[in-house]
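Trainee: One structure, as structure tokens, below. Some questions next.
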Amino acid sequence: MADTIAEQVVQAAQGAYAALPKHGKPIVRDNGVAEWTILAAIVLVRPDREPHLVSLGTGVKVLPAARLPPLGDTVHDCHAEVLARRGFLRWLVAEAVRVQRGEASEWLVWREDKFGLAPGVEVFLYVSALPCGDASTLHTAAHQPADAAEAFKNEAARRAASEQDTPPVPTEVVRGRNGYENYGAIRTKPGRPDSPPSISFSCSDKIATWTVLGLQGALLARLFEPVYLDHIVIGGVEVPEGQREDEWHATVVAEAERALWRRVEGIGALPPPYRLTQPRLHLTPRRFALSREAALASGASDPSTSTVSLSHVPVLGKPEVIINGCAQGSGWKAPGKVLLKDKQRSRVCKMEVLRAFVGLSAEAELADETYFSLKHANTAYQEAKAALRGVPAERLNADWAKRLPHEFEVTSAASGATAPPFTGWIPTGPRYESFTSRGVLAAL
Ligand SMILES: [Zn+2]
């Protein structure tokens, strides 16, 4: 029997990864410890074509907030899904340049005043494991020691007993994996428990954001229509002892749907062209060869996460190995007010995405505008984002905020508005986005 499209997408992603050189992939360390990682990919599909992999990322690391770069020249969040999406931004610009030159594109068209996907093109996100944060809370709890699993089961039962379809969303951001009982909460990425906290949000929160705002983000929204995910294919789902596989799979899919799009359904009115979307969820049995489950299955007793990330955007050439947010070979340098050298910057850092975007635009004056001002020039996008998160208004006063490099604001509802589903978001803000594509840091 022919594989479903979702399985073909998984094969395209895993096949592309397998064909890459070893450099940047998980290894077995000298002390025998096997490393693992997560693979994510954005794959485009249209009828009668092979699935087309446009961007792939691997990684499970995030830098603490103390290492946020003022010039946007390091990649702060190196989780696979985030790298795959940032690579997709570069692909969008590269493909748009081709269209601009009059070359034929099977995927992108120019419509009136913006680029958009060609009719019939569907966007798939493949991830080799449940996205971190809300979508994986139940799965993680079910594979934990009994007491943690029990606490979560109690909360799930309490919620099932309540009459609400969608539980009220906690309004305070939760750090990492703290508190399984904080069901539905937006969460920052954990990092190491002993490390200073990060303010990067979980992949579940980011993917849910893409279902409202699109994958293209605020910057590219100036020249691109929103690009929404049509399908999400997830691997690495393991059936806990004593559970029936079909029931467990149905539960995991329902949980992922709740976390990745149902959680934001209570949002207020969205300005066109933004809308709520409902990507279809698929689970794949196809195991990623360098996943944690694969390492365990091959006898590794205590596999460890790889510290290296990989970004591969075929249209840009060779894959890029990313360590500590920088292109490999450069060695990590504290983010500062002098731009990292060209070869040290990852192609998917904010600065490089900005430069590619400014290069695409016909407006020469954009070169002197800051990343922050360009992102905020699109009012429809910013209105949609405010409907999702609220606006920065209050100081973050969670316990762990004491360990951040300075005070951060969190979002809350604009006065009179209903509470947005992702109230409590911590935007990085102008302090880290006031750079121009020329590498100039504007005064705040
Ligand atoms: Zn993640």
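Residue numbers for the sequence shown follow the working numbering, beginning at 10 and rising by one.
All C-beta atoms, glycine included, are put in the ideal place defined by N, C-alpha and C.
For clarity, every value in this text was computed on a predicted model and none was experimentally measured.
Helix, strand or coil: how does DSSP classify residue 313 here?
Mentor: Against the sequence shown, residue 313 aligns to sequence position 304. Three-state result, residue 313: strand.
Trainee: Within 10 angstroms of its Cβ, does residue 86 collect 16 or more other Cβ (buried), or is it exposed?
Mentor: Locating residue 86 in the sequence shown gives position 77, counting from the first residue. With 16 or more Cβ atoms within 10 Å of its Cβ, residue 86 is classed as buried.
Trainee: What does the alpha-carbon distance come out to for the pair residue 69 and residue 184?
Mentor: Numbered from 1 along the sequence shown, position 60 holds the residue referred to as residue 69. Numbered from 1 along the sequence shown, position 175 holds the residue referred to as residue 184. Looking at the two C-alpha atoms, the distance is approximately 16 Å.
Trainee: What residue range is occupied by the uninterrupted beta strand (DSSP E) comprising residue 208?
Mentor: Looking up residue 208 in the sequence shown gives position 199. Looking at the DSSP string, residue 208 is not in any beta strand (DSSP E), and its letter there is neither H nor E.
Trainee: Could you tell me if residue 148 is buried or exposed, where buried requires 16 or more neighbouring beta carbons within 10 angstroms of its beta carbon?
Mentor: Position 139 of the sequence shown, counted from the start, is the residue given in the question as residue 148. So residue 148 counts as buried.
Trainee: Indicate whether residue 370 and residue 245 have their beta-carbon atoms separated by less than 9 Å.
Mentor: In the sequence shown, counting from the first residue as 1, residue 370 sits at position 361. In the sequence shown, counting from the first residue as 1, residue 245 sits at position 236. In this structure, residue 245 does not lie closer than 9 Å to residue 370 by Cβ.
Trainee: Under 8 Å by Cβ, that's how I've got residue 325 and residue 356 pegged, so tell me the actual separation to the nearest angstrom.
Mentor: Here residue 325 corresponds to residue number 316 of the sequence shown, with the count starting at 1. Here residue 356 corresponds to residue number 347 of the sequence shown, with the count starting at 1. That pair is a contact at about 6 Å.
Trainee: Report the residue from 28, 24, 20 and 21 whose alpha carbon sits nearest the alpha carbon of residue 327.
Mentor: As a first step, residue 327 must be located in the sequence shown, where it is residue number 318. Of the listed residues, the one whose Cα sits closest to residue 327 is 28.
Trainee: Whose C-alpha, out of 16, 451, 443 and 349, is nearest the C-alpha of residue 59?
Mentor: Against the sequence shown, residue 59 aligns to sequence position 50. When only C-alpha atoms are compared, the closest one is 16.
Trainee: So what does residue 124 bridge to, in DSSP terms?
Mentor: Here residue 124 refers to the residue found at position 115 when the sequence shown is read from its first residue. BP columns for residue 124 point to 119 and 233.
Trainee: By DSSP, does residue 212 sit in helix, in strand, or in coil?
Mentor: In the sequence shown, residue 212 corresponds to position 203, counting from 1. DSSP places residue 212 in helix when its eight states are reduced to three.
Trainee: Using a Cβ-Cβ cutoff of less than 8 Å, which residues in the same chain neighbour residue 260 once the five nearest sequence positions on both sides are dropped?
Mentor: In the sequence shown, residue 260 corresponds to position 251, counting from 1. 147.
Trainee: Can at least three beta-carbon pairs, one atom from the stretch 110–120 and one from the stretch 389–409, be found at a separation below 8 Å?
Mentor: Not touching, per the Cβ criterion.
Trainee: May I ask you to check if the CB of residue 483 is nearer than 8 Å to at least one heavy atom of ligand 1?
Mentor: This structure leaves residue 483 out entirely; the chain is present only between 10 and 453.
Trainee: Per the contact definition of three or more C-beta pairs closer than 8 Å, is the stretch 40–55 in contact with the stretch 288–301?
Mentor: Cβ pair count under 8 Å is three or more, so yes.
Trainee: My output table needs one value for residue 60: the three-state DSSP class, helix, strand or coil.
Mentor: The residue given as residue 60 occupies position 51 in the sequence shown. Note: residue 60 maps to coil in three-state DSSP.
Trainee: Sorted by chain position, which residues of the same chain lie with C-beta nearer than 6 Å to residue 248's C-beta, five sequence neighbours on each side aside?
Mentor: The residue you call residue 248 lines up with position 239 of the sequence shown. So the qualifying residues of the chain are 254 and 257.
Trainee: Which residues bound the beta strand (DSSP E) around residue 289?
Mentor: In the sequence shown, the residue the question calls residue 289 occupies position 280. From DSSP, the beta strand (DSSP E) with residue 289 extends over 289–292.
Trainee: Which of the three DSSP states, helix, strand or coil, is assigned to residue 145?
Mentor: If you number the sequence shown from 1, residue 145 lands on position 136. Here residue 145 sits in helix by DSSP.
Trainee: Scan the stretch 386–426 and note each continuous beta strand (DSSP E) run of 3 residues or more that stays entirely inside, going in chain order.
Mentor: DSSP runs (the beta strand (DSSP E)) wholly in the stretch 386–426: 400–404 and 418–421.
Trainee: Going by C-alpha distance, which of 30, 198 and 451 is nearest residue 91?
Mentor: Start at 1 with the first residue of the sequence shown, and residue 91 comes out as number 82. Answer by Cα proximity: 198.
Trainee: So is residue 252 buried or exposed if we call it buried at 16+ other beta carbons inside 10 Å?
Mentor: Counting from one through the sequence shown, the residue named residue 252 turns up at place 243. Result: exposed.
Trainee: On the three-state DSSP scale, how would you describe residue 274?
Mentor: Along the sequence shown, read from residue 1 onward, the residue named residue 274 stands at position 265. Note: residue 274 maps to coil in three-state DSSP.
Trainee: Tell me which residues share the same chain as residue 97 and place their Cβ nearer than 7 Å to its Cβ, disregarding the 5 neighbours each side in the sequence.
Mentor: Here residue 97 refers to the residue found at position 88 of the sequence shown. So the qualifying residues of the chain are 51, 63, 64 and 224.
Trainee: Note down, in chain order, each residue of its chain lying with its Cβ closer than 8 Å to the Cβ of residue 101, except the 5 sequence neighbours on either side.
Mentor: Residue numbering aside, residue 101 sits at position 92 when the sequence shown is read from its first letter. Excluding positions up to five away in sequence, the list reads 117, 124, 225, 229, 233 and 236.
Trainee: Note down, in chain order, each residue of its chain lying with its Cβ closer than 8 Å to the Cβ of residue 219, except the 5 sequence neighbours on either side.
Mentor: Within the sequence shown, numbered from 1, the residue matching residue 219 stands at position 210. So the qualifying residues of the chain are 94, 237 and 238.
Trainee: Could you check the C-alpha separation between residue 270 and residue 22 for me, to the nearest Å?
Mentor: Position 261 of the sequence shown, counted from the start, is the residue given in the question as residue 270. Position 13 of the sequence shown, counted from the start, is the residue given in the question as residue 22. Roughly 23 Å separates the two Cα atoms.
Trainee: Around the Cβ of residue 446, are there at least 16 other Cβ atoms within 10 angstroms (buried) or fewer (exposed)?
Mentor: Within the sequence shown, residue 446 is the residue found at index 437, counting from 1. Label assigned to residue 446: buried.
Trainee: Could you check what DSSP says for residue 244 in three-state terms: helix, strand or coil?
Mentor: As a position in the sequence shown, residue 244 is number 235, starting the count at 1. Correct three-state label for residue 244: coil.
Trainee: Note down the Cα distance separating residue 436 from residue 276, rounded to an integer number of angstroms.
Mentor: To locate residue 436, count along the sequence shown from 1; it is residue 427. To locate residue 276, count along the sequence shown from 1; it is residue 267. Whole-angstrom Cα-Cα distance: 19 Å.
Trainee: Among residues of its own chain, excluding the 5 on either side of residue 292, which ones have a beta-carbon nearer than 6 Å to its beta-carbon?
Mentor: Locating residue 292 in the sequence shown gives position 283, counting from the first residue. Counting only Cβ-Cβ distances below 6 Å, and skipping sequence neighbours, we find 243, 246 and 258.
Trainee: At a cut-off of 8 Å, is residue 211 close to ligand 1 when judged by its beta-carbon and the heavy atoms of the ligand?
Mentor: Position 202 of the sequence shown, counted from the start, is the residue given in the question as residue 211. The answer is yes for residue 211.
Trainee: In chain order, what residues of the same chain lie with their CB nearer than 8 Å to the CB of residue 108, ignoring the 5 residues before and after it?
Mentor: Along the sequence shown, read from residue 1 onward, the residue named residue 108 stands at position 99. Once the five neighbours on either side are set aside, the close Cβ partners of residue 108 are 114, 117, 118, 119 and 124.
Trainee: State the CB to CB distance for the pair residue 81 and residue 453, rounded to an integer number of angstroms; the pair is presumed to be in contact (CB under 8 Å).
Mentor: Position 72 of the sequence shown, counting from 1, holds the residue named residue 81. Position 444 of the sequence shown, counting from 1, holds the residue named residue 453. At roughly 15 Å, the Cβ-Cβ gap does not stay under 8 Å, so residue 81 and residue 453 are not in contact.
Trainee: Any heavy atom of ligand 1 closer than 8 Å to the beta-carbon of residue 241?
Mentor: Along the sequence shown, one-based indexing puts residue 241 at 232. It does not: the Cβ of residue 241 is nowhere closer than 8 Å to a heavy atom of ligand 1.
Trainee: Between the alpha carbons of residue 305 and residue 313, how many angstroms are there, rounded?
Mentor: Within the sequence shown, numbered from 1, the residue matching residue 305 stands at position 296. Within the sequence shown, numbered from 1, the residue matching residue 313 stands at position 304. Whole-angstrom Cα-Cα distance: 11 Å.
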